[in-house]
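Engineer: Residues in the sequence shown are numbered consecutively from 7, following my numbering.
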Amino acid sequence: VQGENNPEDPDSGQRDIPFSSELYIEREDFTENPPKKWFRLAPGQMVRLKSAYIIKCDEVIKDTEGNITELRCSYIPESHSGHDTSGIHVKGTLHWVSIKHAITCEARLYDRLFKVEDPSTEEGDFKDYINPDSLHTVKVAYAEPSLANAKFDERYQFLRKGYFCLDKDTSESRMVFNRTVTLKDSWKPSGFKSSGSKP
Numbered sequence: 007v008q009g010e011n012n013p014e015d016p017d018s019g020q021r022d023i024p025f026s027s028e029l030y031i032e033r034e035d036f037t038e039n040p041p042k043k044w045f046r047l048a049p050g051q052m053v054r055l056k057s058a059y060i061i062k063c064d065e066v067i068k069d070t071e072g073n074i075t076e077l078r079c080s081y082i083p084e085s086h087s088g089h090d091t092s093g094i095h096v097k098g099t100l101h102w103v104s105i106k107h108a109i110t111c112e113a114r115l116y117d118r119l120f121k122v123e124d125p126s127t128e129e130g131d132f133k134d135y136i137n138p139d140s141l142h143t144v145k146v147a148y149a150e151p152s153l154a155n156a157k158f159d160e161r162y163q164f165l166r167k168g169y170f171c172l173d174k175d176t177s178e179s180r181m182v183f184n185r186t187v188t189l190k191d192s193w194k195p196s197g198f199k200s201s202g203s204k205p
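1) Given that a residue counts as buried once 16 or more other Cβ atoms are within 10 Å of its Cβ, and exposed if not, what is L119?
2) Can you check DSSP and say which residues form a bridge with D22?
3) Should A154 be labelled buried (16 or more other beta-carbon atoms within 10 Å of its own) or exposed?
4) Nearest CA to the CA of R185: which residue from K133, S177, G130, D117?
5) Buried or exposed, going by whether 16 or more other CB atoms sit within 10 Å of the CB of I105?
6) By a C-beta neighbour count over all protein chains shown, 10 Å radius and 16 as the cutoff for buried, is F132 buried or exposed?
7) Using alpha carbons as the reference points, say which of I136, C63, F164 lies closest to Y148.
8) What residue from K167, L172, M181, R180 has the CA that sits closest to V187's CA?
9) Kindly indicate which residue of R78, L115, P125 has the alpha-carbon position closest to the one of H142.
10) Can you name the start and end residues of the beta strand (DSSP E) that G88 belongs to?
11) When DSSP builds the beta bridges, which residues end up paired with K62?
12) Where G72 and V66 are concerned, what is the direct C-alpha to C-alpha distance, given to the nearest angstrom?
13) Tell me, please, whether the stretch 15-24 touches the stretch 73-90 by the rule of three or more beta-carbon pairs shorter than 8 Å.
14) Indicate the three-state DSSP secondary structure (helix, strand or coil) for E150 in the structure shown.
15) Is the beta carbon of V96 sitting closer than 8 Å to the one on M52?
16) Mapping the DSSP letters down to three states, classify T127 as helix, strand or coil.
17) Tell me which residues share the same chain as P49 and place their Cβ nearer than 7 Å to its Cβ, disregarding the 5 neighbours each side in the sequence.
18) Kindly indicate the opening and closing residues of the beta strand (DSSP E) around E34.
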């Protein structure tokens, strides 16, 4: 399928994104017991796959310990993005990657170093205000194959996660990306939780 290089810049062009019958989505994008106004995936619920098709979750597969290992979904062939003739309207859109084509990388999710905007204006030792969640490392993340050609002097937007660049620890056998800016780059109150999450 075709997807835009930068959703915020229509002039940035498009790229080919491999699509297959087996995909990865974010763990946080599925729940068995959806709350009100849940627009992501849930049993019997429909969502759009970014730049691709509308899908419906038909079955949830679990292991012997009750952990979800697989979601079996059906797709609407007439719902291809940009050429949708299905007449179906959904509110949720998920990013995804083809299992068959995905590359693996390490993602370092850097967040605010301090829990307050300016620790010098606060009482006590500045170390008391260090954010313990300022770095969250995802050792194995799955990404589009186009990132195999990533360059050190370029920046890449990971949908809903922020902007990333290659780290100097990158080697022929391992790609490492650092998050430089989150998409919602605003100060949060003391005690906030890191926006990073495992895939």
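The beta-carbon is built from N, C-alpha and C at its ideal position, and this holds for glycine as well.
Structural biologist: The structure says:
1) Working through the sequence shown from its first residue, we reach residue 119 at position 113. It is exposed - the Cβ of L119 has fewer than 16 other Cβ atoms within 10 Å.
2) Taking the first residue of the sequence shown as 1, we reach residue 22 at position 16. Paired residues: Q8.
3) Within the sequence shown, residue 154 is the residue found at index 148, counting from 1. Per the 10 Å Cβ criterion, exposed.
4) Position 179 of the sequence shown holds residue 185. Among K133, S177, G130, D117, the Cα nearest to that of R185 belongs to D117.
5) Translated into positions along the sequence shown, residue 105 becomes position 99. I105 should be labelled exposed.
6) The sequence position of residue 132 within the sequence shown is 126, counting from 1. Exposed is the call here.
7) Residue 148 sits at position 142 when you count from the first residue of the sequence shown. Cα-wise, what sits closest to Y148 is F164.
8) Translated into the one-based positions of the sequence shown, residue 187 becomes position 181. Considering only alpha carbons, the answer is K167.
9) Here the question's residue 142 lines up with position 136 in the sequence shown. Considering only alpha carbons, the answer is L115.
10) In the sequence shown, counting from the first residue as 1, residue 88 sits at position 82. Where G88 is concerned, there is no enclosing beta strand (DSSP E), given that its DSSP letter is neither H nor E.
11) Here residue 62 is taken as the residue at index 56 of the sequence shown, counted from 1. For K62, which the question treats as bridged, DSSP gives the partners M52, S80.
12) Translated into the one-based positions of the sequence shown, residue 72 becomes position 66. Translated into the one-based positions of the sequence shown, residue 66 becomes position 60. Computed Cα separation, rounded: 11 Å.
13) no
14) Residue 150 sits at position 144 when you count from the first residue of the sequence shown. Residue state, collapsed to three classes: coil.
15) Within the sequence shown, the letter at position 90 stands for residue 96. Within the sequence shown, the letter at position 46 stands for residue 52. The answer is yes: Cβ separation under 8 Å.
16) If you number the sequence shown from 1, residue 127 lands on position 121. Three-state result, T127: helix.
17) Numbered from its first residue, the sequence shown carries residue 49 at position 43. Contacts found: E38, C63, V66.
18) Residue numbering aside, residue 34 sits at position 28 when the sequence shown is read from its first letter. Note, E34: premise wrong, no beta strand (DSSP E); not H, not E.
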